[in-house]
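Student: Have a look at this one.
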Amino acid sequence: MKYQYIILIFVLFMSCSVQKNNTSQNSKVIKANLYKIELKDSIIIYHIRNEKLDGIFAKERYCKNKVKNQKLLLENKTYKFILEQEIVDNHVSIVRDIDYYVAGYLIRKAGTPTIYYVNCLNVCGEYIIKDN
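Sequence positions in the sequence shown follow this note's numbering and run 164 to 295.
Structure, rendered in structure tokens:
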């Protein structure tokens with residue numbers, strides 16, 4: 164009986180210390196200026212920049228999930244983006260510098276210093292999902 168109480172307290176302690184997080188293991192929260200938005204037929208290409216990086220990502224043009232706390236993205240405004248980079252095998256010593264295409268559009272050309280992000284978790288269509 165004594166051990167059951169110890170285990171119960173331990174489980175409660177562990178469950179309280181775990182935080183709900185919508186980021187994945189390969190994602191980063193980056194505060195950056197959205198300096199260019201390119202509207203294409205089926206996608207939107209977002210160009211972001213801060214003092215440390217130039218980045219680019221693409222999203223579907225129309226958001227299928229309507230969320231109450233969303234805000235229209237505007238050029239030359241600063242936002243916090245939750246970005247995911249491509250998972251790369253660290254055991255391979257070859258540097259991957261390739262062209263990236265989404266829906267037939269060239270997103271990032273090889274040889275440019277721009278970082279390509281495969282997904283932005285808090286952007287849906289033309290909107291950013293605001294923190295509470």
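Note that beta-carbon positions come from the ideal geometry of N, C-alpha and C, so glycine has one too. Please read these numbers as outputs of a predicted model, since none were measured by experiment.
Per DSSP, TYR209 forms a beta bridge with which residues?
Tutor: For TYR209, which the question treats as bridged, DSSP gives the partners ILE200 and PHE220.
Student: Report the rounded CA-to-CA distance for ALA273 versus ASP294, giving the unit in angstroms.
Tutor: Cα to Cα, ALA273 sits roughly 34 Å from ASP294.
Student: Can you tell me whether DSSP reads VAL230 as helix, strand or coil?
Tutor: Looking at VAL230 - three-state DSSP - the assignment turns out to be coil, as it is neither helix nor strand.
Student: Are the CB atoms of PHE244 and ASN285 nearer to each other than 8 Å?
Tutor: Their beta carbons are under 8 Å apart, which means PHE244 touches ASN285 by this criterion.
Student: So GLU289 and ILE206 are in contact, right, with Cβ under 8 Å, and what is the actual spacing, rounded?
Tutor: About 11 Å; that fails the 8 Å criterion.
Student: Check whether the Cβ atoms of ASN282 and GLU247 sit closer than 8 Å, and answer yes or no.
Tutor: For ASN282 and GLU247, yes; Cβs fall inside 8 Å.
Student: Confirm, please, whether the CB-CB distance from THR275 to GLY218 is below 8 Å.
Tutor: Not a contact, by the Cβ cut-off of 8 Å.
Student: Tell me the DSSP secondary structure of LYS215 in three-state form.
Tutor: Coil at LYS215, not helix or strand.
Student: Cα-Cα, which of VAL230, LYS203, HIS210 and LYS229 is closest to LYS194?
Tutor: Measuring from the Cα of LYS194, the nearest candidate turns out to be HIS210.
Student: Can you list, in chain order, the residues of its chain with a C-beta nearer than 6 Å to that of ASN196? Leave out the 5 residues immediately preceding and following it.
Tutor: Taken in chain order, the residues that qualify are ARG212 and THR241.
Student: Quick check on the DSSP output: the beta strand (DSSP E) that includes THR275 runs from which residue to which?
Tutor: Note, THR275: premise wrong, no beta strand (DSSP E); not H, not E.
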